[in-house]
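Read through the structure below, which is laid out as structure tokens, and then see the notes.
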DNA sequence: CCGTGGTTGTTGAACTGTCAACCAAACTGT
DNA sequence: ACAGTTTGGTTGACAGTTCAACAACCACGG
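Shown next, in the form of structure tokens:
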């Protein structure tokens, strides 16, 4: 689709410049996430999703979160999280316990093995993020990136869920 | 993982500020792409990948590309593209023909139906991109986003593949 | 109480993407 | 001419995701 082929619709098209910027963003982000995913997988055997689960759990006092909170933090669907956690439980990285306050709920806790796997994985992942993103940009560029996407996230989620 | 728990490794950790920015970027981008995917799917029945295939084809003079070029443009694996194109061919959106110059090659062409589907889908998708990204940011922010991710892409792909 | 509606989490089927193996055609060097 | 390598593309098995249906539980108003 070229930019200068307006239809009878009341759509405001992107300018040529905006289109280039949009494609750069989409293409760059896609390749970046793919590279990070690939390197983490190679070096630690974890997917980025599993890694993020461990990170979120590691940040709570008792290394435990309700399934729903975890799903919200990660912006994953409930069923997706259930499947992921089941697999991680089979690998001994996390364990699930029924929740006392709310009998519907399930508490997901990080095991000691999960903690060790995370500690072992973190350095190389941080290095990947540095190599491919942080160190490639100026501090100002990187900060602008964060600010802009935070704005986007707030707009999308209605301002809620400040944790992620 | 908290930022202030250094290990014995020679890893430079992210500062607290960098970590927030990285999370904003990752979380914002994930939600943005998910929202765009979802809206496009709802409104047109296309996945963003199928949409991108049609866009790339529509931009060539004869609406045709070799499988490999298409795969490179989209940063998709060859096998992934084969599967995608097979499904799209079943829906009558594209068709494949052997390539004359190189008997190994396959030319992928957009059908008239594919064109019409794209023309019908484009306005609402552009609107989604506007609603959730372009119009949420200042022009400067959006431009900075594009520039930064272009830098990242060039760094990752070794500067090649300027088209995407 | 009871019932209605909303929340929490799981399940299984269908779909999509990944990975390794593979074939065929094209280069490469001798 | 021809073995060896590289490139282009496909295939099938497997892994991960989505979606709709479901069961269990809470909360609130008759």
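Chains as they are written, first to last, in our numbering: chain A, 147 to 310; chain B, 147 to 310. The beta carbon of each residue, even a glycine, is placed where N, CA and C say it ideally should be. All of these numbers come straight from a predicted model, not from anything done at the bench.
Given residue i as reference, the closest of the options once Cα atoms are compared
i             : options                       : result
residue 204/B : 164/B, 261/B, 298/B and 165/B : 261/B
residue 211/A : 193/A, 174/A and 240/A        : 240/A
residue 274/A : 202/A, 172/A and 178/A        : 178/A
residue 200/A : 268/A, 226/A and 243/A        : 268/A
residue 243/A : 209/A, 222/A and 159/A        : 209/A
residue 176/B : 195/A, 237/A and 159/A        : 195/A
residue 225/B : 219/B, 174/B and 214/B        : 214/B
residue 202/A : 219/B, 302/B and 173/B        : 173/B
residue 299/A : 222/B, 171/B, 206/B and 198/B : 171/B
residue 233/A : 219/A, 206/A and 197/A        : 197/A
Residue-level contact to chain A via CB, residue i, 8 Å cutoff
i             : result
residue 154/B : Its pLDDT being 46, under 50, residue 154/B is placed unreliably in this model, and the coordinates cannot settle the point.
residue 303/B : yes
residue 240/B : no
residue 255/B : no
residue 199/B : no
residue 262/B : no
residue 298/B : yes
residue 216/B : no
residue 150/B : In this predicted model, residue 150/B has a pLDDT of only 48, less than 50, meaning its place in the structure is not dependable; the value taken from the coordinates is given anyway. Chain A, which has no Cβ nearer than 8 Å to the Cβ of residue 150/B, makes this no.
residue 202/B : no
residue 226/B : no
residue 291/B : yes
residue 177/B : yes
residue 181/B : yes
Residue span of the beta strand (DSSP E) that contains residue i, given as start and end
i             : result
residue 241/A : 240-244
residue 255/B : 252-256
Residue range of the alpha helix (DSSP H) that includes residue i
i             : result
residue 211/A : Where residue 211/A is concerned, there is no enclosing alpha helix (DSSP H), although the beta strand (DSSP E) it sits in stretches over 210-212.
residue 247/B : Per DSSP, residue 247/B belongs to no alpha helix (DSSP H) and is neither H nor E.
residue 237/A : It is not in any alpha helix (DSSP H) - residue 237/A carries neither H nor E in the DSSP assignment.
residue 303/A : 285-303
residue 223/B : No alpha helix (DSSP H) contains residue 223/B, which DSSP labels as neither H nor E.
residue 200/B : 194-204
residue 279/B : Residue 279/B -> no alpha helix (DSSP H), and no H or E assigned at all.
residue 178/B : 162-190
Chain B contact for residue i (CB, 8 Å cutoff)
i             : result
residue 295/A : yes
residue 283/A : yes
residue 279/A : yes
residue 186/A : no
residue 158/A : yes
residue 191/A : no
residue 166/A : yes
residue 274/A : no
residue 310/A : Only weak support exists for where residue 310/A lies, its pLDDT of 41 falling under 50; the value from the coordinates is given anyway. Yes, contact with chain B.
residue 162/A : no
residue 211/A : no
residue 249/A : no
residue 237/A : no
Exercise. Per the contact definition of three or more C-beta pairs closer than 8 Å, is the region 177-196 of chain B in contact with the region 257-276 of chain B?
Worked result: The region 257-276 of chain B makes contact with the region 177-196 of chain B; the number of CB pairs closer than 8 Å reaches 3 or more.
Exercise. Is the number of C-beta pairs between the region 270-280 of chain B and the region 178-189 of chain B that are closer than 8 Å three or more?
Worked result: yes
Exercise. Are three or more beta carbon pairs between the region 282-296 of chain A and the region 278-298 of chain B nearer than 8 Å?
Worked result: yes
Problem set entry | At least three beta-carbon pairs within less than 8 Å, the region 249-259 of chain B to the region 245-260 of chain A | no
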